[in-house]
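Numbering (my numbering), first residue to last: 147 to 367.
Think of the CB as a built atom: it goes at the ideal place given N, C-alpha and C, for glycine as much as any other residue.
The structure appears below as C-alpha cells.
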Amino acid sequence: MALAVTLLSLGAMGLQYRLVAARLMQAQERLLSADLDGFAALYDQRRIIALRQAIDYRVAAATGEEMLLLLDRNGTVLAGTVAGWPPGLTTEGAGFAVDPARVFTDGPQRWLAVARELPGGFPLLVARSLQPVDDTLAAMRRGMLGLLAAMLVAGGCVGWLAARSVMLRIGRVNDLADRVAEGALDLMHRILAINADSVAVYLNAQIDAGAQAVMVFDSRK
C-alpha cells in the first residue's frame with residue numbers, strides 16, 4: 147500500500163513538473179515575442195537606425211536576462227549586449243516572428259533565441275535567458291527528491307510497524323496455543339491418574355474377592 151501511494155505521488159509530481167516547465171517556457175516565449183514586436187515597430191519607422199538606437203538603449207539597462215545583437219552586412223557589431231555572434235547559431239528567416247525560436251547554450255546559460263537576417267544583410271539576434279527557468283526547475287527537482295525520500299522513509303516506517311504488529315499478533319496466538327496445549331496435557335495427566343487409581347481399586351477388590359472365595363472353599367472341606 148505504501149509503495150502504491152509513493153508511486154502515485156511520484157507520477158503526480160512528474161506531471162506537475164512537466165506542466166511547470168511548459169508554462170515557464172511559454173512565459174519566456176511571450177517575453178521574446180514582445181521584444182520582437184517592439185523591434186518590428188521601430189524597424190518599420192526608421193529601419194536599421196531605429197534598431198541600433200533601441201538596442202543601445204537596452205544595453206544601458208541590461209539585466210543579464212536578454213541577449214541583443216545587430217551586425218552589419220560585413221559582420222561588424224553595430225549594437226549589442228555581447229561582443230560577437232554566438233558560435234554555431236545561424237540566422238533563419240527575415241522577419242520578426244518568434245517562430246522558429248531556437249535554444250542554444252552560451253557559457254553556463256541556455257538561451258531561447260530568434261536569429262534573423264534583415265533586408266540588406268543585417269543579422270539580428272534577440273534572445274532571452276532560460277536561467278530563471280532552469281533555476282526554478284532545479285529547485286523543484288530538489289523538493290521532489292526530498293519529498294520522495296521522506297515518503298520512502300515514512301513508507302518504510304509504516305511497513306515496519308505493520309510487520310511488528312503482525313509478529314506481535316502471531317506471538318500472542320502462539321502463547322495462547324501453548325497455554326491451551328499445556329492445559330490439555332495437564333488434563334490428560336489428570337485423566338490418566340484417575341483411571342490408574344480406578345484400575346488399582348478394581349484390581350484390589352478382585353483380589354480380595356478371590357481370597358475370600360478361597361477361604362470359603364477351604365472351610366467346606
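query = So, are the CB atoms of glutamate 212 and threonine 227 less than 8 Å apart?
reply = Translated into positions along the sequence shown, residue 212 becomes position 66. Translated into positions along the sequence shown, residue 227 becomes position 81. Yes, Cβ-Cβ distance for glutamate 212 and threonine 227 is below 8 Å.
ask   = Are the stretch 275-293 and the stretch 194-202 touching, with three or more C-beta to C-beta distances below 8 Å?
value = no
ask   = Near serine 155, what residues of its chain come up, given a Cβ to Cβ distance below 7 Å and the 5 sequence neighbours on each side ignored?
value = Here residue 155 refers to the residue found at position 9 when the sequence shown is read from its first residue. Result list for serine 155: Met297, in chain order.
query = Can you name the residues that DSSP bridges to glycine 226?
reply = Translated into the one-based positions of the sequence shown, residue 226 becomes position 80. Note: glycine 226 sits in a beta bridge opposite Leu215.
task = Look at phenylalanine 268 and alanine 259 and say whether their C-beta atoms are less than 8 Å apart.
result = Residue 268 sits at position 122 when you count from the first residue of the sequence shown. Residue 259 sits at position 113 when you count from the first residue of the sequence shown. No; because the gap between Cβ atoms is not below 8 Å, this pair is not in contact.
message = Going by DSSP in three states, aspartate 252 sits in which element: helix, strand or coil?
response = Along the sequence shown, one-based indexing puts residue 252 at 106. If DSSP states are grouped into helix, strand and coil, aspartate 252 belongs with the strands.
request  = Out of Leu182, Leu217 and Asp218, point me to the one whose CA is closest to glycine 241's CA.
outcome  = Translated into positions along the sequence shown, residue 241 becomes position 95. If we check each option's Cα against that of glycine 241, Leu182 comes out closest.
Straight-line Cα distance separating alanine 173 from leucine 264 = Taking the first residue of the sequence shown as position 1, residue 264 is located at position 118. Taking the first residue of the sequence shown as position 1, residue 173 is located at position 27. So the two alpha carbons sit approximately 26 Å from each other.
ask   = Do valine 166 and methionine 286 have their CB atoms nearer than 8 Å?
value = Walking along the sequence shown from the start, residue 166 turns up at place 20. Walking along the sequence shown from the start, residue 286 turns up at place 140. A contact, by the Cβ cut-off of 8 Å.
task = Check valine 244 in the structure and name its three-state DSSP category.
result = Within the sequence shown, numbered from 1, the residue matching residue 244 stands at position 98. Valine 244 falls in the coil class under three-state DSSP.
request  = Assuming valine 272 and glutamate 175 form a contact by the criterion Cβ under 8 Å, report the distance between their Cβ atoms to the nearest whole angstrom.
outcome  = Along the sequence shown, read from residue 1 onward, the residue named residue 272 stands at position 126. Along the sequence shown, read from residue 1 onward, the residue named residue 175 stands at position 29. Not really, about 12 Å apart at Cβ, beyond 8 Å.
task = Consult DSSP for tryptophan 231 and reduce its assignment to one of helix, strand or coil.
result = Taking the first residue of the sequence shown as position 1, residue 231 is located at position 85. Residue state, collapsed to three classes: coil.
key: Close beta carbons around proline 233, own chain, < 8 Å, minus the five adjacent residues each side   = Stepping through the sequence shown from its first residue, residue 233 is reached at position 87. Excluding positions up to five away in sequence, the list is empty.
task = In the DSSP assignment, find the beta strand (DSSP E) that holds alanine 273 and state where it starts and stops.
result = Along the sequence shown, read from residue 1 onward, the residue named residue 273 stands at position 127. Start and end: 268-275.
For alanine 173, three-class secondary structure by DSSP = Residue numbering aside, residue 173 sits at position 27 when the sequence shown is read from its first letter. Helix.
message = Between Pro246, Arg318, Ala206 and Leu307, which has its C-alpha nearest serine 179's C-alpha?
response = The sequence position of residue 179 within the sequence shown is 33, counting from 1. The candidate whose alpha carbon is nearest that of serine 179 is Pro246.
key: Residue of Arg288, Val205 and Arg204 minimising C-alpha distance to glycine 160   = Position 14 of the sequence shown, counted from the first residue, corresponds to residue 160. Among Arg288, Val205 and Arg204, the Cα nearest to that of glycine 160 belongs to Arg288.
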